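Asker: Residue numbers (our numbering), protein chains in the order written: chain A, -2 to 413; chain B, 33 to 135. In this text, a Cβ means the ideal position worked out from N, Cα and C, and glycines have one as well. Quick caveat: nothing in here was measured; it's all calculated off a predicted structure.
1. Give me, in chain order, the residues of the same chain whose beta-carbon lies closer than 7 Å to that of residue 134 of chain B; leave out the 5 immediate sequence neighbours on both sides.
2. For chain A, check one thing: does any of its Cβ atoms lie closer than 8 Å to the Cβ of residue 44 of chain B?
3. Does residue 137 of chain B pass the burial test, meaning 16 or more other C-beta atoms within 10 Å, or should it be called exposed?
4. Does residue 303 of chain A have its Cβ less than 8 Å from a Cβ in chain B?
5. Just reading off the alpha helix (DSSP H) that residue 329 of chain A is part of, what are its end residues?
6. From the DSSP output, which residues share a beta bridge with residue 352 of chain A?
7. Please confirm if residue 50 of chain B has its CB atom under 8 Å from at least one CB of chain A.
8. Distance, Cα to Cα, residue 121 of chain B vs residue 329 of chain A?
9. From residue 415 of chain A to residue 276 of chain A, what does the alpha carbon distance come to, in whole angstroms?
10. Identify every run of the beta strand (DSSP E) within the region 116 to 196 of chain A, keeping only runs that are complete inside it and at least 3 residues long; order them along the chain.
11. Residues of the region 61 to 91 of chain B in Cβ contact with chain A at a cutoff of 9 Å, in chain order, please.
12. Is the Cβ of residue 124 of chain B closer than 8 Å to any Cβ of chain A?
13. Using the DSSP secondary-structure output, state which residues sit across from residue 114 of chain B in a beta bridge.
14. So, under 8 Å CB-CB, residue 158 of chain A and residue 293 of chain A are touching, yes? Tell me the CB distance rounded to an integer number of Å.
15. Determine, using beta-carbon pairs with one atom in the region 50 to 58 of chain A and one in the region 30 to 40 of chain A, whether at least three such pairs fall under 8 Å.
16. Leaving out five residues on either side along the sequence, give the residues of the same chain with a beta carbon under 6 Å from the beta carbon of residue 195 of chain A.
17. Measure the Cβ-Cβ separation of residue 20 of chain A and residue 387 of chain A and say whether it is below 8 Å.
18. Tell me the rounded alpha-carbon separation between residue 448 of chain A and residue 363 of chain A.
19. Classify residue 183 of chain A as buried or exposed, calling it buried when 16 or more other Cβ atoms lie within 10 Å of its own Cβ.
20. Could you tell me the alpha carbon to alpha carbon distance between residue 49 of chain A and residue 77 of chain A, rounded to whole angstroms?
21. Grab the span of the alpha helix (DSSP H) containing residue 51 of chain A for me, first residue to last.
22. In three-state DSSP terms, what is residue 338 of chain A?
23. With a cut-off of 8 Å, does the C-beta of residue 152 of chain A fall near any C-beta of chain B?
24. Confirm, please, whether the CB-CB distance from residue 266 of chain A to residue 273 of chain A is below 8 Å.
25. Using a Cβ-Cβ cut-off of less than 7 Å, list which residues of the region 98 to 118 of chain B approach chain A; keep chain order.
26. I want to see whether chain B comes within less than 8 Å of residue 190 of chain A, judged by CB atoms only; does it?
27. Would residue 73 of chain A be called buried (16 or more neighbouring beta carbons within 10 Å of its own) or exposed?
28. Considering residue 78 of chain B, what are the terminal residues of the alpha helix (DSSP H) in which it resides?
29. Less than 8 Å between CB atoms is the rule here; does residue 96 of chain B satisfy it with respect to chain A?
30. Quick check: what's the CA-CA separation for residue 411 of chain A versus residue 191 of chain A?
31. If you scan the region 12 to 72 of chain A from start to end, which runs of the beta strand (DSSP E) of 3 or more residues do you find wholly inside it?
32. In whole angstroms, what separates the C-alpha of residue 1 of chain A from that of residue 66 of chain A?
33. Please state whether DSSP places residue 124 of chain B in a helix, a strand or coil.
34. Could you round the C-beta distance between residue 371 of chain A and residue 404 of chain A to whole angstroms and report it? I think they count as a contact, below 8 Å.
35. Could you pull out every residue in the same chain whose Cβ sits closer than 6 Å to the Cβ of residue 9 of chain A, ignoring the five residues on either side in sequence?
36. For residue 249 of chain A, which of helix, strand or coil comes out of DSSP?
This is the structure in structure tokens:
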């Protein structure tokens, strides 16, 4: 009996367990998945929780529901991976593997920025990348009386790179509906040279910021938070004052990756961009936020990766060459407030473009244009996530690789 | 692909002025790009530039953080050397592609 071991039962790990149980011979392979946490969170929901659009119960379920019964599910802490010995040390047992899939994700590390976790943390400074942070922010916003709201990205890469901007758009909508938009000044602070991380998006979508009266500060690399002055300070000495700071702290891979000597300086694992095999160990594969591949850290990306990785695990087991297939494909809805959303579709080399999706001629979803239908698409995605995506059921008409049908290459990115 | 004459040499550059082929780079080119930006290069600058070039050849992701951990400069010093765009400008002067960040 051979062992296939999956570390992490988040979006990626759960999908891999569901894909592989149908593909591996049960009399030859034992599949084990390890995760210490019992709750599976619908992380895209953390964006909606602060604005009372979703409730607590809509964003969490018991993780066990999504792990197939014939997969060995161990709820224990992972202490260390020993890649040279093909074993993983858990809190009180050691697991041996023939093939290892690492899906340990990424998490925020606010301690990386001096002053972020200081006297104002969870009082006037919040994150919305954790369940607890998002919930605390909701409670703060419910009776906040207004002032300077600063939404701020510490450094790239971050999970769901469009979420901070969506947060700013939804905040505009939220305060407008509460009849207090005139009491709130929204500033969006980014270390990048534009609001969007992709230049074509910045060209096509900058009007949104103007329309919503959101101020933008670019090229701001934070050094520290001054809790006394209530200002964020960058390395060049620029200061931006806030009354309420919504921070996206540094994102890093899991501590166990660092401890095991498998990561880069942010604990992300060097991974082949197209096969998803670890660059250092041929029987280790990496998926989702845990990789260092230059694709978005997002559920849609993990979903596309899972299809390629399933094929590659089977090829690897049978001794065939791996497919250089994964193209960095991402497909993201961007909430723009007022019950509208945008849809973007892109990969490693092709920036988001205009066009129709998923069908070339009639859409029905429009790429890079605001529409109500896209907003419903985003809300419907929660159902798709729990009922199809985690279970490894293919989403109809959406291919793992980016399709060029129905796409219009008419935007020239702004250059400086 | 635009062609530009920098320090008397014809080089291929991207639309925003980054060298397309890092092998066309030399110190004179670096100095001329730097002076266009308004930076006068010191030996410390060149240490950083060479670090960036080595990392690019090794296909490693370039981040401000990784330069800060290089042992050559910390992040504050990097900002002092390349004000306003530590990675954007240092990459341009080092003759390597514009650092991309992913969505």
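Answerer: Here's the rundown:
1. In this prediction, residue 134 of chain B has a pLDDT of 44, which is less than 50 and means its spatial position is unreliable; nothing more can be read from the coordinates.
2. no
3. Outside the shown range of chain B, which is 33 to 135, sits residue 137 of chain B, and nothing can be said about it.
4. no
5. Premise fails: residue 329 of chain A lies in the beta strand (DSSP E), 327 to 334, not in any alpha helix (DSSP H).
6. A/364 and A/404
7. no
8. 30 Å
9. Residue 415 of chain A cannot be examined here, being either before or after the span of chain A that is shown, -2 to 413.
10. 144 to 150 and 181 to 186
11. none
12. no
13. BP columns for residue 114 of chain B are empty, so no partner.
14. 6 Å
15. yes
16. 348 and 349
17. no
18. Chain A is shown from -2 up to 413; residue 448 of chain A falls before or after that span and cannot be answered.
19. buried
20. 39 Å
21. Note, residue 51 of chain A: premise wrong, no alpha helix (DSSP H); not H, not E.
22. strand
23. yes
24. no
25. 98, 101, 107, 108, 111, 115, 116 and 117
26. yes
27. exposed
28. 75 to 89
29. yes
30. Bear in mind that a pLDDT of 49 at residue 411 of chain A, under 50, signals an unreliable position, so the model cannot answer this.
31. 26 to 31, 36 to 38, 57 to 59 and 69 to 71
32. 16 Å
33. helix
34. Incorrect: roughly 16 Å between the Cβ atoms, too far for contact.
35. 100, 284, 285 and 299
36. strand
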